[in-house]
Amino acid sequence: MPQPVTVRAPGKVNLMLGVGPRRRDGYHELTTVFQALTLYDDVTLTPAEHTTVSIRGEGAADVPLDETNLAVQAVRAHATQTGEGGPVHIDIHKGIPVAGGMAGGSADAAAALLAADALWGTALDRVALSKLAAGLGSDVAFALHGQTALGTGRGERLAEVLGRGRFHWVLALARGGLSTPAVYTECDRLRETSVPVPQLSAEPVLSALRAGDPVALGRALANDLQPAATRLRPELQVTLDAGLELGALGGVVSGSGPTVALLARSDAHAVALAARLSAEGVCRTVRRAAGPAPGARVVQPGR
Ligand code: C5P
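Residue numbers are given in numbering that gives the first Met the number 0: position 103 of the sequence shown equals residue 102, and the series is strictly consecutive.
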């Protein structure tokens with residue numbers, strides 16, 4: 000029997016997220032810049048008699064253990080694609096906030112895919128893995144890729160972004176989750192009733208990244224889903240305003256929310272900002288993370 004394999008995959012923040020019209024398949028055409036952050040989930044696959052799942056870490060109780068779990072779907076997709084493998088126990092150690100708009104489920108899918116490939120020695124290349132990833136969800140290909148990338152299509156078509164510098168984030172986690180389809184639907188509804196706005200351009204974010212300039216990046220952060228997310232959860236606007244008031248360089252709802260990502264000037268500034276935000280009581284809890292971070296990779300268990 001092959002030895003267990005552990006893969007670590009990162010969460011993400013969208014530095015900008017431009018949402019185009021709804022396509023015929025129900026998805027929206029996106030332009031987005033993803034940045035992977037140093038918040039990780041570890042997924043360990045161990046050959047077993049039946050495929051089962053266990054989940055540890057904060058928010059574990061809110062993650063399904065059945066076939067709707069994206070890691071289970073990833074293991075199944077790998078087996079269908081390669082004709083190799085067998086039942087496994089999937090152990091997920093959560094470090095990425097659950098249902099927060101930081102692609103924790105997608106990270107688990109990416110990690111499970113890479114772990115299945117390593118466990119069963121199927122040696123799929125990057126193109127084959129990315130294709131499988133894209134079939135599992137819009138953010139899964141990015142969790143494999145990591146670093147900073149421009150995403151188009153429904154977010155699964157990736158191009159490397161060349162940038163400089165390391166960015167320090169404070170993540171304000173909200174109480175409860177937000178349904179991604181509900182946020183997209185609210186975005187469509189708001190657009191029907193308001194004057195059309197031009198689609199967001201990625202250029203200000205890309206230029207700030209090229210310069211490695213956190214002040215410019217703070218100003219360029221933008222998300223077309225933010226009005227919908229704050230409409231559904233008005234307290235997110237309170238969190239954003241408090242973060243800016245406390246000296247964040249910029250703030251944005253991450254993906255479809257409800258996590259709010261605030262950019263700090265430095266690691267030390269992130270420590271101070273996190274403490275002050277926590278004291279204000281404008282969110283459930285805070286986390287700090289840096290980006291960019293590497294994509295899914297095999298690690299030694301427990302490290
Ligand atoms: O692909 P994923 O499962 O992450 O998407 C979750 C939901 O988010 C989709 O069912 C869809 O409602 C919405 N979505 C969208 N356009 C995208 C990505 C996601 O409308 N580009």
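Note that the Cβ used here is the ideal one computed from N, Cα and C, for glycine as well.
- Scanning its chain for C-beta atoms nearer than 8 angstroms, with the 5 sequence neighbours on each side dropped, one finds around residue 209 the residues 161, 162, 163, in chain order.
- Our two residues, residue 169 and residue 247, have alpha carbons roughly 9 angstroms apart in a direct line.
- Proximity to residue 121 across 108, 77, 148, 147 peaks at 77, based on C-alpha coordinates.
- For residue 179, the distance from the CB to the nearest heavy atom of the ligand C5P is below 6 angstroms.
- Taking a cut-off of 8 angstroms on C-beta distances, the segment 253-273 does not touch the segment 139-151, as fewer than three cross pairs fall below it.
- Residue state for residue 39 is assigned as strand, using DSSP reduced to three classes.
- Runs of the beta strand (DSSP E) lying entirely within the segment 90-153 and spanning at least 3 residues, in chain order: 147-151.
- DSSP, read as helix, strand or coil, puts residue 243 in helix.
- It is roughly 48 angstroms from the alpha-carbon of residue 202 to the alpha-carbon of residue 47.
- With a threshold of 16 other beta carbon atoms within 10 Å, residue 257 meets it and is buried.
- Within the DSSP bridge table, the entry for residue 158 names 149 as partners.
- Around the beta carbon of residue 138, 16 or more other beta carbons lie within 10 angstroms, which makes this residue buried.
- When secondary structure is reduced to three states using DSSP, residue 248 falls in the coil class, being assigned neither helix nor strand.
- Short of 7 angstroms from the beta carbon of residue 106, and not among the five residues preceding or following it, lie these beta carbons of its own chain, in chain order: 8, 9, 10, 40, 95, 142.
- About 20 angstroms separates the beta carbon of residue 297 from that of residue 52, a gap too long to meet the 8 angstroms contact definition.
- Taking the Cα of residue 284 as reference, the smallest distance to any Cα among 274, 293, 16 is reached at 274.
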